[in-house]
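Some notes on the structure that comes next.
Number of protein chains: 2
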Amino acid sequence: MSLTIELHITTTTHLNLNPQTAISKRSYSIQFQSKSIYHSNPLTPLVLSHRKMCALPSSSSKVSFTVKSSLIDPDGGSLVDLVVPESERAAKISEAEAMPKVKLTKIDLEWAHVISEGWASPLKGFMREDEYLQSLHFNSLRMKDGSLVNLSLPIVLSVDDEAKERIGESIDVALIAPNGDLVAILRRTEIYKHNKEERIARTWGTTAPGLPYVEEVITPAGNWLIGGDLEVLKPIKYNDGLDHYRLSPHQLRREFDRRQADAVFAFQLRNPVHNGHALLMNDTRRRLLESGYKNPILLLHPLGGFTKADDVPLDVRMEQHSKVLEDGILDPDTTIVAIFPSPMHYAGPTEVQWHAKARINAGANFYIVGRDPAGMGHPTEKRDLYDPDHGKKVLSMAPGLEKLNILPFRVAAYDTIEKKMAFFDPSRAKDFLFISGTKMRTFARNGENPPDGFMCPGGWEVLVKYYESLQAEEATEKPAVLST
Amino acid sequence: MSLTIELHITTTTHLNLNPQTAISKRSYSIQFQSKSIYHSNPLTPLVLSHRKMCALPSSSSKVSFTVKSSLIDPDGGSLVDLVVPESERAAKISEAEAMPKVKLTKIDLEWAHVISEGWASPLKGFMREDEYLQSLHFNSLRMKDGSLVNLSLPIVLSVDDEAKERIGESIDVALIAPNGDLVAILRRTEIYKHNKEERIARTWGTTAPGLPYVEEVITPAGNWLIGGDLEVLKPIKYNDGLDHYRLSPHQLRREFDRRQADAVFAFQLRNPVHNGHALLMNDTRRRLLESGYKNPILLLHPLGGFTKADDVPLDVRMEQHSKVLEDGILDPDTTIVAIFPSPMHYAGPTEVQWHAKARINAGANFYIVGRDPAGMGHPTEKRDLYDPDHGKKVLSMAPGLEKLNILPFRVAAYDTIEKKMAFFDPSRAKDFLFISGTKMRTFARNGENPPDGFMCPGGWEVLVKYYESLQAEEATEKPAVLST
């Protein structure tokens, strides 16, 4: 019996309220309103389902409209934090030393990091089979109270026959980092079959060879999965000079409070920021201000875990992003740059739900969804792996994401008349030049310059340097290769 | 904000209530109780999730316990009925004759039948893309009020490029049966891409060649899907002498009321009934009586749509089932035999949800789930396609099935000491003989008799006759084959 009340909050209403009541009152009204906006009848044509998306007015239109607002509760009501308190550490370590050991890969460790900081709240460890099956079949987990939280990717730990043998009847196991450090305890474990084919088919919607995460993680993985409750013995660090960018959901929420944000809009990316991205982010802020928010904050949130070989590496991207802020393309006063520590699946509509859900836990109440989010080319066929529109459609209908405002991406391209990145105008399509990530990388690789206004010079320089260094490496590697 | 109230209804409570209030009161209390029983924390070990299943007391134990009870509301609140009233038929037919035509396959027609009678309530036609995506990714559809109804199989209609071309801008199309009859109108249609690979991978969890429904239906299908609202011009009949068994959900509900059933337990099958099945059904009835129900009715509900080539054909199964009732193995007074008109996907945990959901719409409030329901051997590997336990686990956690009581199958085998089918007793495993469907068919094919007490003689005779007729056919076919 869920209430549906049409509640229209106009800009003026916001203005008449003092910040405190404004926020609480908005958030309250939204609880109901979101139902009425979001839960549109699934039996109506798809075009209607777009209504579910939060439509901010374009600069041209000044029509009044409604948005879901206020900062947002973590999934399950409270943020999961699985880092053992300093005081208990010594005792837990000596306890762990006596347990059977499970060696983690670099990517397993990234997942342990993600789980320990609560990005996957309410998940408290690597999935047991009932969580795994719910994630695989329903993209969501059911809570005690019957509500659903979104969890679209199986977050699992595999073990091989030998490790399973070694664990035997032990209930708790210790997790060991690739460098040999004791990093965590997995309690009340459950070991179950790892049906790789079914996991791949249901997660990616294909079993074609060449999926980056599958080849890197799943194919070499063991035939068993081990689930349990995670206790991380100390905060996970990478010591790569970027740890200060790795703010936990708890730290991000504190920072948003400190800045008195009344809206936080997250932008997930794994590529350099060009002026089209910047245009979109700045335009989103402008529209949030127009719609009555006083202090919208941008969370520029590059993905920091595993990415495929031809993506630009994290350190280069972080350097490029800081140039974009230095050059004033994005405003440092209203932007927080932080690293999202999750590995990348390239699983399109299934993965975009994870990207959005994790940002709810980090305190973002607006999420910008791109064209073909988390998509890639089909590994064996000459086509996109996913329909470029399915990401935003699936996101708009996903169980457990109702409280998040989804902002559909507006396509930007290079306007050859205005000589800058601008929102694509179909009425003069021929004036626009589309510069794909591949094309951008080719420019940089060949030391060519993209058209003026495509990217700030400082940021572009970072990319050019990176590709020069790559070619230098290749050059030095070649002889060695030939001499073998 | 969903309420969770522990409500324990004891047998005596039932008895003190007069039938009417008993039913309404029970069904009401269940609304809350189901939440508290069903929505167990997904973060607890799998073993706990079994608690969600409704545990009836075994003959040995007489402990008091609680079940969800009362007859059950159709999904979406009311049964969908898409058959055009007699009075409007003529007008609709002449209207349809002017529309672009889409030719249905035999299996498309079976789906039109299923949709038109409300088995898939609240679905009102072949799925549009937003329904298709929700079914594929979430196994459920969201209703206006925010609640979810289960719908795990995409119920879709494909068209090829030529048909799409022909339909052009037309909003409504006419559907034509394989025999050329005009059978239905599809209104407010939407045409969208048919990504066969993704549909197969997400529905079956494999893309291996040799899946019966894929080879029969999807591989030959067009590259487009067409969704819309269905209007069936007259009730769909098969004129195969079995139509009297094809009771609609509406007719079944009326029959349950007529018999004043206070519990209906459905048994889905696509195989002959042996005494192990009968034992399970009779034991279930006994336990329902023990737990306070006065008049539990069995819905023996063989699947009547598409099945794979080596399954026993529908007409033979129906004859076998009636012998089982004639021979008194099942009690005709408390059993309704009817045909479930759906085609078979052999999609294991994904399909068993459909089998259960459709029975909710038919008025069954108890569903017996088998070992490896809707499962089969992997088409290319020497193993079961699905983990035999995943069907009942996924069913117990599926969104939209909370109101259904799931009764886990108890394994029966041939007890060589007692010389009858009995529930398997692990303490004397060596005394039990497991007779698989394949083994049963081999017996019948070779004219051998299975051990006494495996199946009633009348039912067995039907099978033997069928396989004799097959061999006769093969014999007559052989020369023809050789002579070519």
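Chains A and V, in that order, are what the protein sequence lines are.
Under the numbering used here, read the first sequence as residues 117 to 600, first letter to last.
Under the numbering used here, read the second sequence as residues 117 to 600, first letter to last.
Glycine included, every Cβ here is placed at the ideal spot set by N, Cα and C.
Whether residue i touches residue j by CB criterion (8 Å)
| i | j | result |
| --- | --- | --- |
| ALA472(A) | HIS417(A) | no |
| SER268(V) | GLU467(V) | yes |
| LEU198(V) | VAL428(V) | no |
| VAL275(A) | TRP227(A) | no |
| ARG370(V) | GLY321(A) | no |
| LYS222(A) | PRO294(A) | yes |
| TRP580(V) | GLY569(V) | According to the sequence shown, residue 580(V) is Val rather than Trp. No, the pair does not count as a contact, with Cβ atoms beyond the cut-off. |
| ALA290(V) | LYS217(V) | yes |
| GLY479(A) | LEU187(A) | yes |
| LEU363(A) | ARG386(A) | no |
| LYS424(A) | TYR462(A) | yes |
Own chain residues within Cβ distance below 6 Å of residue i, not counting five before or after
| i | result |
| --- | --- |
| LEU441(V) | PRO448 |
| VAL163(A) | Bear in mind that a pLDDT of 26 at VAL163(A), under 50, signals an unreliable position, so the number given afterwards is only what the model happens to contain. Counting only Cβ-Cβ distances below 6 Å, and skipping sequence neighbours, we find nothing. |
| ASN132(V) | In this prediction, ASN132(V) has a pLDDT of 26, which is less than 50 and means its spatial position is unreliable; what the coordinates show is noted afterwards. Excluding residues within five positions, none has a Cβ falling inside 6 Å. |
| PHE646(A) | Since the displayed chain A opens at 117 and closes at 600, residue 646(A) lies outside it and no answer follows. |
| LEU598(A) | A caution first: LEU598(A) carries a pLDDT of 37, below 50, which makes its placement in the model too unreliable to give a value. |
| GLY338(V) | SER274, VAL275 and ASP276 |
| ASP378(V) | TYR409, LYS410 and ASN411 |
| ASP110(V) | Shown here, chain V extends from 117 to 600; a query on residue 110(V) therefore has no answer. |
Closest by C-alpha distance to residue i, when choosing among the options
| i | options | result |
| --- | --- | --- |
| ILE287(V) | GLY343(V), ALA377(V) and ALA324(V) | GLY343(V) |
| LEU264(A) | GLY563(V), ALA514(V) and TYR530(V) | ALA514(V) |
| ASP488(V) | PHE482(V), LYS519(V) and GLN469(V) | GLN469(V) |
| LEU346(A) | GLU247(A), PHE372(A), HIS360(A) and ALA300(A) | ALA300(A) |
| THR450(V) | GLY486(V), SER458(V), PHE381(V) and ARG475(V) | PHE381(V) |
| LYS602(A) | GLU213(A), MET215(A), ARG544(A) and PRO457(A) | Any answer about residue 602(A) is impossible in this case: the structure gives chain A only from 117 up to 600. |
| ASP503(V) | GLY193(A), LYS309(A) and LEU298(A) | LYS309(A) |
| GLN85(V) | ARG544(V), GLY553(V), THR558(V) and GLY421(V) | This structure cannot speak to residue 85(V), because chain V is shown only from 117 to 600. |
| ILE334(V) | LEU363(V), PHE372(V), GLY357(V) and PRO270(V) | PRO270(V) |
| ASN521(A) | LYS312(A), GLY421(A), ARG475(A) and TYR462(A) | ARG475(A) |
Sequence-distant residues of its chain with Cβ nearer than 8 Å to residue i (five each side left out)
| i | result |
| --- | --- |
| GLU314(V) | LEU252 |
| LEU446(V) | VAL389, ALA394, MET397, ASN398, LEU414, LEU416 and VAL440 |
| PRO595(V) | Below a pLDDT of 50, predicted positions are generally treated as unreliable, and PRO595(V), at 47, falls in that range; no measurement from the model is reported. |
| LYS535(V) | PRO567, ASP568 and GLY569 |
| ARG244(V) | GLU306, TYR308, GLY343 and GLY344 |
| GLU577(A) | LYS439 |
| ARG304(V) | ILE287, ASP288, GLY344 and ASP345 |
Contact set for residue i: own chain, Cβ-Cβ below 7 Å, skip 5 residues either direction
| i | result |
| --- | --- |
| ASN477(V) | PRO190, ASP191, LEU195, GLY234, TRP235, SER237 and PRO365 |
| LYS208(A) | VAL200, ILE301, GLU347 and LEU349 |
| PRO495(V) | ALA324, PRO325, GLY326 and LEU327 |
Element boundaries [beta strand (DSSP E), containing residue i]
| i | result |
| --- | --- |
| ILE292(V) | 289-292 |
| HIS390(A) | Note, HIS390(A): premise wrong, no beta strand (DSSP E); not H, not E. |
| LYS309(A) | 298-309 |
| ILE522(A) | 521-524 |
| ARG244(A) | Looking at the DSSP string, ARG244(A) is not in any beta strand (DSSP E), and its letter there is neither H nor E. |
| TRP340(A) | 340-348 |
| VAL230(V) | No beta strand (DSSP E) holds VAL230(V); the alpha helix (DSSP H) holding it covers 222-232. |
| ILE334(V) | First-last for ILE334(V): undefined, no H or E at that position. |
| THR496(A) | Counting along the chain, THR496(A) falls outside any beta strand (DSSP E), and DSSP gives it neither H nor E. |
| THR532(V) | Neither: THR532(V) is in no beta strand (DSSP E) and is coded neither H nor E. |
Start and end residues, alpha helix (DSSP H) containing residue i
| i | result |
| --- | --- |
| LYS219(V) | Segment 217-219 is the beta strand (DSSP E) holding LYS219(V); no alpha helix (DSSP H) there. |
| ASN477(V) | 464-477 |
| PRO365(V) | 365-374 |
| SER604(V) | Because chain V is modelled from 117 through 600, residue 604(V) falls outside the range shown and cannot be assessed. |
| GLY507(V) | 506-513 |
| VAL432(A) | 430-442 |
| TYR361(A) | Per DSSP, TYR361(A) belongs to no alpha helix (DSSP H) and is neither H nor E. |
The region 283-315 of chain A: positions lying closer than 9 Å to chain V by Cβ
ARG304, GLU306, TYR308, LYS309, ASN311, GLU313, GLU314 and ARG315
Please list the residues of the region 245-258 of chain V that have a C-beta atom closer than 9 Å to any C-beta atom in chain A, keeping them in chain order.
GLU245, ASP246, GLU247, LEU249, GLN250, LEU252, HIS253, PHE254, ASN255, SER256, LEU257 and ARG258
Tell me which residues of the region 475-503 of chain V have at least one Cβ-Cβ distance to chain A shorter than 9 Å, keeping chain order.
HIS494, GLU497, LEU501, TYR502 and ASP503
Given a limit of 8 Å on CB to CB distance, which residues of the region 450-478 of chain V reach chain A?
PRO465 and THR466
If you measure beta-carbon to beta-carbon, which residues of the region 230-242 of chain A are closer than 9 Å to chain V?
PRO238, LEU239, LYS240 and GLY241
Quick one: which residues of the region 503-533 of chain A get their C-beta closer than 8 Å to a C-beta of chain V? List them in chain order.
ASP503, HIS506, LYS509, VAL510, MET513, ALA514, PRO515 and GLU518
Within 9 Å of chain A by C-beta, residues of the region 546-567 of chain V in sequence order
none
Interfacial residues, the region 188-201 of chain V to chain A, with Cβ spacing under 8 Å:
none
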